[in-house]
Every structure is written in structure tokens, then in C-alpha cells.
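Engineer: Have a look at this one before I ask anything.
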Amino acid sequence: PNGFDGRGNYALGLKEQLIFPELEYDKVDMIRGIVIVFVTTANTDEEAKEMLTLMGAPFAG
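Printed below as a string of C-alpha cells:
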């Protein structure tokens, strides 16, 4: 599935919050997911992908 919305924004879903090293595993009472949305000024998904790639976002394929 593609995380782009057709308007130059990108959404990334994570299944659990434990990928963040700041969180203490022992204090997590419940696994929670999170959605991060990158809202850009790009007019197209292609422009947004190029911009995010130049900023260091790793896209597969």
C-alpha cells in the first residue's frame, strides 16, 4: 500500500511504540500503534516523495 494521499502528503503507520528508544519497556502497560503524517507543500505525490527522499526518508523500491 502507498502512504501518499494524492495531494503530496505521506502517512506512516507503526504497529507499536517500542521502536522509540526513549520509552522504557518495563513501564509500557499496553502496546499502542501510532500514525505519523507528513504534511508537505508539494502539489503531487511525486514531488513529495522527492522532497522526503532528499530529506533522508528511506523508501523501499
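Numbering (the working numbering), first residue to last: 1186 to 1246.
Ideal placement from N, C-alpha and C gives every residue a C-beta, glycine not left out.
Is it buried or exposed, residue 1189, if we count other Cβ atoms within 10 angstroms and call 16 or more buried?
Structural biologist: Flag for residue 1189 reads buried.
Engineer: Apart from the five residues just before and just after residue 1236, which ones in its own chain have a Cβ nearer than 7 Å to its Cβ?
Structural biologist: The answer, listed in chain order, is 1225 and 1227.
Engineer: Can you tell me whether residue 1227 is helix, strand or coil according to DSSP?
Structural biologist: Residue 1227: coil per DSSP, three-state reduction.
Engineer: Tell me whether residue 1200 is buried or exposed, calling it buried when 16 or more other Cβ atoms sit within 10 Å of its Cβ.
Structural biologist: With fewer than 16 other Cβ atoms within 10 Å, it is exposed.
Engineer: Buried or exposed: where does residue 1233 fall if 16 or more other Cβ atoms within 10 Å of its Cβ makes it buried?
Structural biologist: Buried is the call here.
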